[in-house]
Amino acid sequence: MHLGTRAVVIILIVVSGLVVVLLVRNSLEPVPFNPGDRYPSTKLDYMGVIYANRSDMYDWRGGYSETTDCPWGRIHNGIDFFFYNNSPVIAAAPGCVEDVSWRENPDTTLNMYNIYVAIRFNATITVRYTFEPFTHVVGDQDRQLSILAVHKGDWVQKGDLIGQLLAVEDSAHIHFGVVSGNEWIDPKPFYGESDLVEIMGFIHIYQPDWDISYPAP
754 MHLGTRAVVI
764 ILIVVSGLVV
774 VLLVRNSLEP
784 VPFNPGDRYP
794 STKLDYMGVI
804 YANRSDMYDW
814 RGGYSETTDC
824 PWGRIHNGID
834 FFFYNNSPVI
844 AAAPGCVEDV
854 SWRENPDTTL
864 NMYNIYVAIR
874 FNATITVRYT
884 FEPFTHVVGD
894 QDRQLSILAV
904 HKGDWVQKGD
914 LIGQLLAVED
924 SAHIHFGVVS
934 GNEWIDPKPF
944 YGESDLVEIM
954 GFIHIYQPDW
964 DISYPAP
């Protein structure tokens with residue numbers, strides 16, 4: 754091969770290699786989350802409740818706590834909503850459905866399955882729903898998935914239907930919370946003013962002296 758031709762071939766190989774490296778690196782970099790003009794996403798301070806009607810639920814047994822010095826006596830990273838079977842569950846905040854999945858609980862037979870729905874609000878904040886049917890029946894995870902109304906990639910607005918809860922046993926509930934990065938955080942500051950009044954009104958039907966959250970002292 755002529756010396757000049759060989760040099761050209763070497764240059765082309767080097768350039769091609771650089772292009773491949775750049776493409777691979779760019780594909781690994783996360784795409785910035787941008788909801789566009791779908792909703793105001795700078796700050797979540799207008800989050801709402803996840804129920805359409807108070808009559809869809811029959812109890813309230815605990816909220817968010819970073820300390821055992823709370824009425825329910827344990828650390829708990831979300832809020833539990835005890836819905837009647839087939840009651841609608843709605844979006845507390847707008848966003849893009851980032852995950853719809855399920856997991857089998859290896860250490861329990863009564864509450865065999867957790868079904869997850871995660872909705873991304875902005876680059877840092879996600880609201881998450883864990884559907885807990887409290888069942889020991891194999892296949893009930895598919896029953897719960899079949900009555901969800903959202904799929905991964907869907908966009909929702911506040912108040913849109915997420916799905917119904919499959920409530921098999923008395924303890925069936927939705928575990929709801931707010932996640933910043935990978936950390937579950939106090940959801941109370943994210944509620945809109947009237948929405949916080951609503952949920953506190955509901956809580957006080959069952960627990961007149963309880964708050965929705967107990968941050969660490």
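One gets this note's numbering by counting positions in the sequence shown from 1 and adding 753 to each. Positions of the beta carbon are idealized from the N, C-alpha and C atoms, including for glycine.
Is residue i near the ligand GDP, judged by its Cβ being under 7 angstroms from some heavy atom?
| i | result |
| --- | --- |
| GLU922 | With respect to small molecules bound, the structure shown includes none, and the ligand GDP cannot be examined in it. |
Alpha carbons only, please: which of the options is nearest the one belonging to residue i?
| i | options | result |
| --- | --- | --- |
| ASN935 | TYR817, THR877, ILE828 | THR877 |
| TYR944 | TYR792, ASP798, PRO785 | ASP798 |
| PHE884 | PRO968, GLY831, GLY906 | GLY831 |
| TYR792 | TYR817, ASP860, SER924, ALA846 | ALA846 |
| ASN806 | PHE786, TYR837, GLU851 | TYR837 |
| ILE724 | VAL921, ILE927, ASP923, GLU922 | Outside the displayed range of the chain (754 to 970) lies residue 724, so it cannot be described from this structure. |
| ARG862 | PHE929, GLU922, TRP963 | Sequence check: residue 862 is Thr here, not Arg. Here the closest residue by C-alpha is GLU922. |
| ASN864 | GLY826, ASP939, GLN894 | GLN894 |
| ILE956 | PHE835, THR795, MET800, GLY826 | PHE835 |
| VAL931 | GLY789, MET800, ASP790 | MET800 |
| PRO940 | ALA925, ILE965, SER924 | ILE965 |
| ASN839 | PRO942, TRP937, ALA925, TRP963 | ALA925 |
Tell me which residues share the same chain as residue i and place their Cβ nearer than 8 angstroms to its Cβ, disregarding the 5 neighbours each side in the sequence.
| i | result |
| --- | --- |
| THR988 | An answer regarding residue 988 cannot be provided, because it is not within the stretch 754 to 970 covered by the chain. |
| PHE786 | CYS849, ARG873, ASN875, ALA876 |
| GLY912 | GLY801, ILE843, ALA844 |
| VAL774 | Confidence in VAL774 is poor, its pLDDT being 37 and thus under 50, which makes the residue's placement unreliable; the coordinate value appears in the next sentence. There are no such residues. |
Check whether the Cβ of residue i lies closer than 8 angstroms to any Cβ atom in chain B.
| i | result |
| --- | --- |
| GLY816 | Although the question refers to chain B, the structure presented lacks it and comprises just one protein chain. |
Have a look at residue i and residue j and give me their C-alpha separation to the nearest angstrom.
| i | j | result |
| --- | --- | --- |
| ASP833 | ARG881 | 12 angstroms |
| GLN897 | LEU919 | 6 angstroms |
| PRO886 | VAL870 | 14 angstroms |
| HIS889 | ASN858 | 11 angstroms |
| GLY892 | GLN910 | 30 angstroms |
| PRO841 | ASP809 | 8 angstroms |
| GLY789 | ASP860 | 42 angstroms |
| SER818 | GLY906 | 31 angstroms |
| PRO961 | GLY954 | 9 angstroms |
| SER854 | SER899 | 12 angstroms |
| TYR804 | THR795 | 25 angstroms |
| ASP822 | TRP908 | 38 angstroms |
| TRP963 | PRO942 | 17 angstroms |
| GLU946 | PHE929 | 19 angstroms |
For residue i, which residues in the same chain have their Cβ closer than 6 angstroms to its Cβ, ignoring the five residues on either side in sequence?
| i | result |
| --- | --- |
| ARG856 | ASN867 |
| TRP825 | GLY815 |
| ILE938 | VAL931 |
Could you pull out every residue in the same chain whose Cβ sits closer than 7 angstroms to the Cβ of residue i, ignoring the five residues on either side in sequence?
| i | result |
| --- | --- |
| VAL802 | ALA845, ASP948, GLU951, ILE952 |
| ALA902 | LEU914, ILE915, GLY916 |
| TYR959 | ASP812, TRP813 |
| THR879 | GLU851, ALA871, ILE872, ARG873, VAL932 |
| HIS904 | VAL850, VAL853 |
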